[in-house]
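Residue numbers 2 to 437, in the numbering used here, belong to the letters of the sequence shown in order.
Just so you know, even glycine gets a beta-carbon here, dropped at the ideal spot from N, CA and C.
Please read the structure below before turning to the comments.
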Amino acid sequence: MEDKRQEIELRSEEFNEVLSTVPAWIIRWGITMTACVVLMLLVGSAVFKYPDIISSTVTLTGTTPVSAVVARSSGKLQELYVENNQKVKANALLAVIENPAKTEDIIRLKELLQQAESNLDTIALVPSGQLQLGSLQSLYSSFYLSMSEYRQFRELAYHLKKVDLVKVRIVKNEVYYTNMLKQKELSVAQAKIAHQQYARDSLLGVKGLVSKEAVEESYSRYLQSSLSAENMDRSLENLQIQLAQMKESLYDTEYQYLDQRNKLETQLRSLINQLRAEIDAWEINYALITPVDGEITLTQYWTNNQNVTAGNIVFNIVPTNQGEIIGKALLPTERSGKVRKGQKVNIRFSNYPDKEFGIVKGTVKNISLIPVVDGQNVKSYMVDIQLPNGLRTSYDKELPFLPEMEGQADIITEDISLLERFLMPIRKVITEGIKE
2 MEDKRQEIEL RSEEFNEVLS TVPAWIIRWG ITMTACVVLM LLVGSAVFKY
52 PDIISSTVTL TGTTPVSAVV ARSSGKLQEL YVENNQKVKA NALLAVIENP
102 AKTEDIIRLK ELLQQAESNL DTIALVPSGQ LQLGSLQSLY SSFYLSMSEY
152 RQFRELAYHL KKVDLVKVRI VKNEVYYTNM LKQKELSVAQ AKIAHQQYAR
202 DSLLGVKGLV SKEAVEESYS RYLQSSLSAE NMDRSLENLQ IQLAQMKESL
252 YDTEYQYLDQ RNKLETQLRS LINQLRAEID AWEINYALIT PVDGEITLTQ
302 YWTNNQNVTA GNIVFNIVPT NQGEIIGKAL LPTERSGKVR KGQKVNIRFS
352 NYPDKEFGIV KGTVKNISLI PVVDGQNVKS YMVDIQLPNG LRTSYDKELP
402 FLPEMEGQAD IITEDISLLE RFLMPIRKVI TEGIKE
């Protein structure tokens, strides 16, 4: 038995020796296979790339967004002129908040002022006591008095009548002056003839052919003719002075008329502008007016006598022409530097589960240069998302456009390989270590 046991033990040592000796070709093939696997992993990690996804909240809107009609003062809805989902035109009066003025009278005054722009004389004035204008009452009273004074000035036309009278006098005196010139010509001609007669009579008197009395009589006629011509000259000069004075009076009267008219019109224009400004202030404070054509949506306020608070949105107007549909996304500042124009965006709307309806695809159109700050003092960048296919989803379903529809936007950034992602922490450690 002992011999047999020794024989077995000897064979076991030999067998163990054979087993413990690994052939060289196996080692070579093992190293080669391991190197290939490692190389394949490195190549695969360098080739295989996938993008980062940056998620943000998105709100759907149009290039013409929904317009909110905001109350500027607090009080009851005194007059409501619209119903829910009613079509409205821009600048339409939707409702009026409680105030001392009567809305119909404010509108009447506004129309009256519009008429005043074209012609002050055609305004149909309404006595101040017949209008209820609230804070505009005293200003309208001043306007009414000023307009009455202006109309009285135009109706009496004192200056214009005086101008007409002076013009008539000037015309008559000019005719008289023309006649006087003709008379002067006759007087000068008569004086010339008298002078010639006197010269002949003097010559004959020297020769003794005419008596001395005849010569003196001829001289007297000559003097009378000369005096008549001189008197005519003085009359013409006086008439010229009178004409100049009349023209001066005419110019003064015309100036007084224009000056008075300009003063009254300037005063009226000033009061009209003040009234317009007060009406604008009244509309801002109490009138709820739609800024665009569209469809009105009543949510919190739908009937008269409801209390509204200044700063609250009373109505929303969905524009008729909403323009291009775009998404407005709030991008967190973290990793925002990786977002670029043209990058793809997958949008999942809260109203329409993506598992049932699919996703809407878009692209980054624009990124704001400066971040916006919300009520919680959180900074975000505003990103405009373009929808090339509209609201058609990846399941080929067309979603209806609902203003202010919200969802999640997944912005797909540039692809980065697994190898780069693995080396990034190492590169960071090495770079920061070198800088230190």
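Going by beta carbons, T364 and G391 fall outside the 7 Å limit.
Spanning the alpha carbons of V127 and Y145 requires a straight line of approximately 8 Å. For S139, no beta strand (DSSP E) encloses it; the enclosing alpha helix (DSSP H) starts and ends at 138 to 157. Here the alpha carbon of V379 sits roughly 8 Å from the alpha carbon of V373. Shown here, F316 sits in a strand according to DSSP, grouped into three states. With 16 or more other Cβ atoms from the protein chains shown falling within 10 Å of its own Cβ, I98 counts as buried. The DSSP assignment places no complete alpha helix (DSSP H) segment of no fewer than 4 residues inside the stretch 383 to 408. Taking 7 Å as the cut-off, the beta carbon of Q387 is found closer than this to the beta carbon of K366. S236 sits in a helix when the DSSP states are folded into three classes.
Look at T267 here: in three-state DSSP terms it is helix. Within the stretch 249 to 293, the runs of beta strand (DSSP E) that reach at least 3 residues and sit entirely inside it are, in chain order, 288 to 290. A straight-line Cα-Cα distance of about 11 Å links M181 and N232. Closest by C-alpha distance to V361, out of R349, I368, S57, is R349.
Cβ-Cβ distances below 6 Å link G76 to I98, E99 in the same chain, with the five nearest sequence neighbours on each side left out; the list follows chain order. Under the three-state reduction of DSSP, N180 is assigned to helix. Selection K345, R262, P401, Q275 evaluated against N352 yields P401 as nearest (Cα-Cα).
When secondary structure is reduced to three states using DSSP, T58 falls in the strand class.
In this structure, the straight-line span from the alpha carbon of L132 to that of E255 is close to 38 Å.
If you check the CB distance, F358 and V70 do not come in under 7 Å.
Excluding the 5 residues flanking it on each side, S236 has same chain C-beta neighbours closer than 7 Å at M181, in chain order. Residue range 104 to 119 is occupied by the alpha helix (DSSP H) that includes A117.
Taking the Cα of K103 as reference, the smallest distance to any Cα among C37, Q115, N92, G130 is reached at G130. Runs of the beta strand (DSSP E) lying entirely within the stretch 300 to 375 and spanning at least 3 residues, in chain order: 314 to 320, 326 to 333, 345 to 350, 361 to 368. Between P389 and the set T321, S57, K345, the nearest pair of CA atoms involves K345. Fewer than three pairs of CB atoms, one per stretch, sit closer than 8 Å, so the stretch 81 to 97 makes no contact with the stretch 112 to 123. In the DSSP assignment, D411 forms a beta bridge with S56, N347.
As computed with DSSP, T298 is found in a beta bridge with N317. Under the DSSP assignment, Q79 falls in the beta strand (DSSP E) whose first and last residues are 76 to 81.
Taking a cut-off of 8 Å on C-beta distances, the stretch 52 to 66 does not touch the stretch 80 to 94, as fewer than three cross pairs fall below it.
About 11 Å separates the beta carbon of V319 from that of T291, a gap too long to meet the 8 Å contact definition. Take M247, set aside five residues on each side of it, and the residues of its chain with a beta-carbon closer than 7 Å to its own are V167, R170, I171, N174, in chain order. In the DSSP assignment, V67 falls outside any beta strand (DSSP E), carrying neither H nor E.
For K88, the pairing in a beta bridge is given by DSSP as E296. Between the stretch 332 to 339 and the stretch 298 to 311, the count of Cβ pairs shorter than 8 Å is below three; the stretches do not touch. DSSP places L94 in the strand class (E or B) of the three-state scheme. Excluding five sequence positions before and after V164, the CB atoms of its chain that fall closer than 8 Å to its own CB belong to L251, T254, E255, Y258, given in chain order.
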